[in-house]
Each structure stands twice: as structure tokens, then as C-alpha cells.
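The next block holds one structure in the form of C-alpha cells; read it before the comments.
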Amino acid sequence: MASKSQQAEHYFVPNPVIYPVIVSLGLLSLASGFIFNVNNYAAGGWMMLVGTILILSMVFKWMGSIIAESEGGLYKKWEDKSFRVGMIVFICSEVAFFAAFFGALFFMRVISIPELASFDPNFTMYKDFVANWPSAGPGGVVLGKEYVPAKFEPMGAWGLPAINTLLLLTSGATVTWAHWGILKNNRRQLVLGLFMTVALGIAFLACQAVEYHHAYTEMGLTLGAGAYGASFFMLTGFHGFHVLLGTIMLIVILLRSMKGHFTAQRHFGFEGVAWYWHFVDVVWLGLFVFVYWL
Amino acid sequence: MSSQATVHHDHHDDHHPTGIMRWLTTTNHKDIGTMYLVFSLIMFLLGGIMILGVRAELFQPGLQLVKPEFFNQLIGVHALIMIFAALMPAATGFANWMLPLQIGAPDMALPRLNNWGFWLLPPAAILLTLPFTLALFGIGDGAIATGWTFYAPLSVQGGIGVDFAIFAVHLLGVSSVLGSINVIVTILNMRAPGMTLMKMPMFAWSWLVTAFLLIATIPVLAGAVTMLLTDRHFGTHFFDAAGGGDPILFQHLFWFFGHPEVYIVLLPVWGFMPQILQTFSRKPMYGYKAQVYSLWAIGILALVVWAHHFFTVGMPVPALLYFMYSTMSISLPLAVLFFCWIATIWKGSLTFETPMLFAIGWIVLFGIGGLTGLVLADVAADAQYHHTYFVVAHFHYTLFAGGIMGIMAGVYYWLPKMTGHMFSERLGKLHFWLTAISFNLTFIPQFFLGLAGMPRRIPDYALQFAEFNMISSCAAFVLGLSQLIFVYNIISCVRGGKKATNKVWEGAEGLEWTLSSPPPYHSFTEQPVVK
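Taken in sequence, the protein lines are chains B and E. Taking the numbering used here, the leading residue of the first sequence gets 37, the next gets one more, and so forth. Taking the numbering used here, the leading residue of the second sequence gets 18, the next gets one more, and so forth.
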């Protein structure tokens, strides 16, 4: 026999929605447009634009209906737990995504570059190649074109990157402080904490932009600078993209907090974004140690 | 019931858009499950037609029907379709249909995400096959021609088809991750009161392990193909020795995903198969706990054995030894599973309805697939068998017999529950025998071809391989045509037939058999209590 409380407990199953199909359609348009673009076919740009508009407008409406449902009190403890577990699993998948790029970095540093320098001089094209890190590789013909390893200056750890570390670590603290605010029903502290977090996130992105500009214009460090350039830009680039997404989500949460959303008991929207922010923070520490420092 | 619950009841009634809009917008786990299964069946037939083109070309030595470039495209797209668009969606379809029924949940935990997870698949299938059509209009040179493995540097140099396949894989990956999130959340949060983890149906356990593997490996594949994309178009050198990268890095990243992928495809089958075996043996499943622990052992081992897919690439001997022993150690938990399956039917009151025929055939044929895998796991033997038809035969015994025939057993097992009608036993049995016999006739010759040294993925071959190839090609066409019986049987079962009882099968156990056949549109809106 079900107890009375269990009988009363209904899980919220949302009504049929059209958003996901249109997001998929947008992704199809965006992806094929991108492919046409990089292969120099016309119309690629337009397809990408249409795809992006479809995706963004649907995400906007989709998130809007979630916020409305949340504020309408349709989510109870049971649904809340689903969102929590789901967010944790999603963040785990993000960890695996970054692991692929860290794996590539370690493989090139520890295995492929030393190996390229270790062949018998009689049987290698790379006679003068010395294994060291950072490296842009020994050079050779790539896709029919001569590739000459870029002369570049590696990115030092103790300039902007160290400042960026400080910025992100501080933002982790401010978002936690904001969380304490909502737990104490102190909305001023919540809004202020979130505002500082957003500001720190934007500052981080600005520093990153300055760093990239410096790397491209003055240090000779580009995406095409061999193993170092590829792993540097792909790792920091994907991380920066995640910071950008996190900042946008934080801005949404900030605006919702200012409108009076969230209570001390129910604020998964806030917590999910905070978890995501901490995850981005931890990835940065890995980047700082293995990409910039060591 | 509180007033709040009554308000909610409006969301739970049967009113939903009709026609195409019902399927585009649905948040119902049964609708979404049905879409996954139908999509899977369509793609299974499409992938099958592609490989019949390959078998037709291989009927005789020499080049008769297709250009070698097109042959390569057929092989690669066949594999990608069968793995990502036929096998995985079928397993996800069953998860959608059956997990909520088996664990007494009102629906999947995240219904809108569930809808999106399905609707990412058709765009991915379009991306995968569009290059064939584009080539007819002079755009690009056809679909991906690297095989399903995307090996660099071939894939770095390949045409526009590689780009399409990269983004198809991205969409399929997002779909799988969403599906996994949904499954994990559903299993952890939506079980009926009293259903502890160790009381869950085996299918739920196996999908939990599957979802864990998907979450751990699909993003790595996404990363790998992203590096491939930047190597192709944005000047990076991940897979290029000139820049300090390494083509073998791609193989490591790919197979870190690719090996667990085998278990991702097979684990759901290992989950419902014991349930089928116990139903038609009329005795409880043997070794429930041992099976659960074995599933997890295999799931975790699957993550650390990937390099056995490229033993011949040139690895240090300690690495070879490590990957050989770790691969072979998977056979221990797998043997536990096999013995549990056999012990489940041991001394049971067996009857051989179509699902049971498929289940018994599956144990035998999948056993052959497993044992030939042990041969390939041996570094020394693999030096001889690598990249021969022995490998092709081996993985078709695991993925066709172990995967698709397992899925078919599941289809026949649950079809009466899903449609409310019994299918034709006579046609089902005919389908089984034709499939089992023609499958063996297709792939046993390939073992011998491989042992004799015939290489994979080549459209032509030496004269001494002619007879075996001819047998294999003829049997492949029988195998392909006999699937039409399957399709016919399903369609006629959906349209009508003898009414199915709630329990359908005499020995069936579990919550899904307590509901009507077909179950109501929203089931378990009030959760049952499991004692």
C-alpha cells in the first residue's frame, strides 16, 4: 500500500513542446553551413546564421518556460533531485571532454615528441630535431605544403595567467558567498555576490582576449604552432568558451535574483550554475599547472 | 489526494497533439521509445542495403559494380549507421519504453531532454548520408571513405564527407550524453518506493553501466573528432608528426571511446536477456548479484583495454603485455555472465517461443564472438589476424549476433506488451531460423578467409578466396531479405492480431507485466510499492 504522502506525490511531466525539434533543426543548419563554409561553398554563412538564430531563440524560449514552471511552483523536491543528479552527470561528461585534450597534451609531451627525436639518425627525416617542451615539432610537409615550425615564445605562467588564476579563484569565493546569502534569505548579499562573480568572469575573459592578442601579434604563438600551439589554444580556448557560457548563465541568475526569484529552500537554478562555475574553476587550475606552468 | 495533485493531473491525461505534431513535440517516454525503435529499424535496413552493395562487389574477384572509392564510403557509412543509428537507438528505445515500466516510474525523469535526445538523431543521419546525394550534384566527392574509425592521416586528407561525419558524430554524441543523463537520473531518482538498487531489474543495472560508459567516453570521441576538424581546417598538428603530434594519438583517443562502445552496444542486451531466459525457463534468474558485479567489472575494465585494437601499430612491449592481459581479464566477468545465463535455463521448464529461440541462439553465437575475441586479444596471434576478415567475422559475431539478434529477442519479447497484439509465431520462428543460418553462412567463411590472409576493406581479392566469398555474399543476401519477414511481422503485429494478455508470457515476472497490453499512455502516475 502506498502511503498517503506517496499518493499525493506526482512527478511533473511537461506538456508537449516544439523547442527541441527546432533546436535540432538549427544544429543541422549550423553544422552543414559550417561545413560548406570551411570547404569554400557559398551559402554556408547564411545557413550558419539561420541555424544560430533558430538555436538561440529556442533556447531562450525553452529556458523561459523552465523559469516560468519553476516560479509557478511545479517543481518539488522530487523534480529538484532529478535536476541535481542530471547536472552532476552532465558536469562529469564535461570533465571527460577536457580529459581528451589534456590526454592529447600529455601524449605529445611525454610520448610523441621524445619519440620523434629518438630515431636512429640513419632512418629518420628529423635528424636535427631535439625533444624539448614547448615544441612546434620538427617540420615537414603537411597536406602538400611545407610546414616550417613556428619560432614562438611560450606563454609564461606568472604574468596574466597568474592574475587570471586569482580572478577565477576569487570568483569561486564570491559565488559561494552569494550562496550563503540565499541560504540566509539575504537577497542583497546574493545579488552583490553574483554581481562580483559576473564582473570577475568578464575580467577573466578580457584578460584572456588580451593574452590571445599578444600571443598572435607579438609572440608568434598561433593555433598552427605545432604541438604546443594546438594544445595551448584548444585547451584554453575551450575553457574560455566554457567561462563565457558560465558568465552568461550567471548573468541570467543575477537578473532572476534581482527579480526576486529563488528562496532559501529552492534555488537549484542558482546552484546548478554555481556548480558549473566551480567546475570551470577546477579545469582552469589544471590548465594553469600543466599548460602554463610546468 | 491534495488539490495540488489534481492540478497536476491535467498534465497527465491523454490529450496530446495528433498527427505529426504528436511525434515532434512528445514528452512521453513510450512515444519517444517508439520513435527510437522505428528510427533504429529504418537505419538498420539502410545500413544493410549499403553492405549488400559491398557483398555484391565481393561476390567475385575483380572490380565489377562499384568504384573502390564508393566501396570505401559504403563500408564506413554502413558501420557508422549500424553502430550509432541502429544498435544504440534500439537500446535507448528499449530504455525509454521499458525502464519506467520496470522500475515503476511515471515517465523518464527529464522528458523534454528525452525528446531532444531523439530528435538529434534524424539530423545526424542526414549529415551522415547527405554527402552521397551532394556528390551527385558535383559537391564534394561523397561520404566519409575512411571506415568508421576516422583514422588520421587518411581522415585529415579526406574530402567533405569527413566533415559531415564529424558533425554527425557530434550530434549523435550529444544525443547519447542526453540519453545517458536521463537514464541515470531516472534509475537513481524515479524508482518505485521499496525498489532498492539490488531489487532492480537487470535491464536497469545494465543500462546504468552503459550510461556510465557513455558519459566517460562519448565526450572523448567528441574531443578527438574536434581535433581532427581543427587539423583539417585550422592548421593544428595534433595528428601530424611534422608539428610534434602523432597519428597514433588519434587511435588512442578513438579507441578509448571505441572499445567501451562495444560494451555500450552489448550491455543493454545483457540486461534484458536474463529476463527473457528466466521467463521461458520459468525459474528465477541465476546469480543476480554475480551478474550485477560482473556488469560493473566489465564496465570498468572496458575503459582500460583500448589499445588492443592496434597492437600492430608499434607499441613498447610492456604496453602490449598490459593491454593483452587486461583485455583477457574481461573474459572472467564475461564468463561469469555466460554461466549465469546457462544456469538460468538449466533444468528449467523450457518452451521455445520466438524470443527464447533468439535468446538461445544468441548465447551460442555471441559465445563464438567472445571466444574469437580472445584469439585477437593475444598479441602474437593478432599480428597474423589484424586487419583481416577474421576481425570482420569476429565483430559481426559480437555485434550482429550479440547485439542485433539480442535486440530482436527483445523486440519479440516486448512487442506484444507494446502493441497489445501477439505477433505471428510462425513467421517469427521462420525469421529466426533464416537469420541464424544465413548469418552463420555469411560469417563462418569470413573466419577462414581471414585465417588465410584476406585483408579487410579492399574491394578486390586474390583468386583463392573466391569460393568462400561467393558463399558469404549469397548468404548475406538471404540474411538481408529475411529481415523483411521481421519488418512484416512487426507491422502486422502493430495493426492487429490476437489480443495479448497483461502478462503475455506465462513465466514473465516484473512490473511491466502488471500493466495492460498496451500500457496506458501515462502509466504509474501513482507509483506501485515494491516489497
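Even for Gly, the Cβ is constructed at its ideal location relative to N, Cα and C. Note that the structure is a prediction, hence the values are computed from the model and not measured.
{"query": "Out of curiosity, what's the CA-to-CA distance linking N206(E) and Q544(E)?", "result": "13 Å"}
{"query": "Since E254(B) is in the beta strand (DSSP E), which residue starts that stretch and which ends it?", "result": "It is not in any beta strand (DSSP E) - E254(B) carries neither H nor E in the DSSP assignment."}
{"query": "Mapping the DSSP letters down to three states, classify T253(E) as helix, strand or coil.", "result": "coil"}
{"query": "Give me the subset of the region 68-91 of chain B whose CB atoms are less than 9 Å from a CB atom of chain E, sorted by chain position.", "result": "S68, F70, I71, F72, V74, N75, Y77"}
{"query": "For F273(E), which residues from the same chain have a beta carbon less than 7 Å from its beta carbon, with the 5 sequence-adjacent residues on both sides left out?", "result": "T234, V237, W323"}
{"query": "Counting only beta-carbon separations shorter than 8 Å, does P236(E) have a partner in chain B?", "result": "yes"}
{"query": "List the whole-angstrom C-beta distance separating G80(B) from F70(B), where the pair is believed to meet the contact cut-off of C-beta under 8 Å.", "result": "7 Å"}
{"query": "Taking 8 Å as the limit between beta carbons, can you name the residues of its chain near V546(E), skipping five residues before and five after?", "result": "A209, P210, G211"}
{"query": "Less than 8 Å between the CB atoms is what I'm expecting for N113(E) and G178(E), so what's the real figure, rounded?", "result": "N113(E) to G178(E), Cβ: 31 Å. No contact."}
{"query": "With a threshold of 8 Å between beta carbons, is R512(E) in contact with chain A?", "result": "Reference to chain A is not applicable here, since the protein chains of this structure are B and E."}
{"query": "Under 9 Å between beta-carbons, which chain B residues line up against H33(E)? List them in chain order, please.", "result": "N51, P52"}
{"query": "Considering only the beta carbon of each residue, do I127(B) and W329(B) sit closer than 8 Å?", "result": "no"}
{"query": "I'd like the ranges of any beta strand (DSSP E) spanning at least 3 consecutive residues and lying wholly in the region 109-184 of chain B.", "result": "176-178, 181-183"}
{"query": "Name, in chain order, the residues that DSSP records as bridge partners for H4(E).", "result": "Because chain E is modelled from 18 through 548, residue 4(E) falls outside the range shown and cannot be assessed."}
{"query": "Contact between the region 278-297 of chain B and the region 149-164 of chain B is defined here as three or more beta-carbon pairs at a separation below 8 Å; is this criterion met?", "result": "no"}
{"query": "Report buried or exposed for M215(E), applying the criterion of at least 16 other Cβ atoms within 10 angstroms of its Cβ.", "result": "exposed"}
{"query": "Give the range of the alpha helix (DSSP H) segment to which F72(E) is assigned.", "result": "Inspection of the sequence shows that residue 72(E) is occupied by Arg rather than by Phe. Element bounds for R72(E): 46-74."}
{"query": "Quick one: is P150(B) near chain E, going by C-beta distance under 8 Å?", "result": "no"}
{"query": "Which residues in chain B sit within 7 Å of R129(E), going by Cβ to Cβ distance?", "result": "P50, V53, P56"}
{"query": "Touching or not, the region 449-465 of chain E and the region 513-525 of chain E, by the rule of three or more beta carbon pairs under 8 Å?", "result": "no"}
{"query": "Between F274(B) and H269(E), is the Cβ-Cβ spacing less than 8 Å?", "result": "no"}
{"query": "Would DSSP call A314(E) helix, strand or coil?", "result": "helix"}
{"query": "Mind checking if D124(E) is an interface residue toward chain B, Cβ cutoff 8 Å exclusive?", "result": "yes"}
{"query": "Using only the alpha-carbon positions, how far apart do N486(E) and F76(E) sit?", "result": "6 Å"}
{"query": "Determine, for F181(B), whether the minimum Cβ-Cβ distance to residues of chain E falls below 8 Å.", "result": "Strictly speaking, residue 181(B) in this sequence is Lys, with Phe absent from that position. Not closer than 8 Å to any Cβ of chain E, the Cβ of K181(B) fails to qualify, so no."}
{"query": "Could you name the residues of chain B that Q174(E) contacts, counting a contact when the two beta carbons are closer than 8 Å?", "result": "L179"}
{"query": "Classify P472(E) as helix, strand or coil using the three-state DSSP reduction.", "result": "strand"}
{"query": "Between which two residues does the alpha helix (DSSP H) harbouring L205(E) extend?", "result": "177-206"}
{"query": "Anyone know if the C-beta pair for T227(E) and L153(E) falls short of 8 Å?", "result": "no"}
{"query": "Just the Cα atoms here: how many angstroms apart are R443(E) and I284(B)?", "result": "60 Å"}
{"query": "Given G513(E), which residues of its chain have a CB within under 7 Å of its CB, disregarding the five upstream and five downstream residues?", "result": "H438"}
{"query": "Strictly below 8 Å CB to CB, what residues from chain B border H250(E)?", "result": "V74"}
{"query": "Under 8 Å between C-beta atoms, does A22(E) make it to chain B?", "result": "For A22(E), the predicted model reports a pLDDT of 37, less than 50, meaning its position is unreliable and no value from the coordinates is stated."}
{"query": "Do the region 210-226 of chain B and the region 300-320 of chain B make contact, defined as three or more Cβ pairs closer than 8 Å?", "result": "yes"}
{"query": "Hey, quick one: how far does the alpha helix (DSSP H) through I54(B) stretch, first residue to last?", "result": "It is not in any alpha helix (DSSP H) - I54(B) carries neither H nor E in the DSSP assignment."}
{"query": "Rounded to the nearest angstrom, what separates E484(E) and T452(E) at their Cα positions?", "result": "21 Å"}
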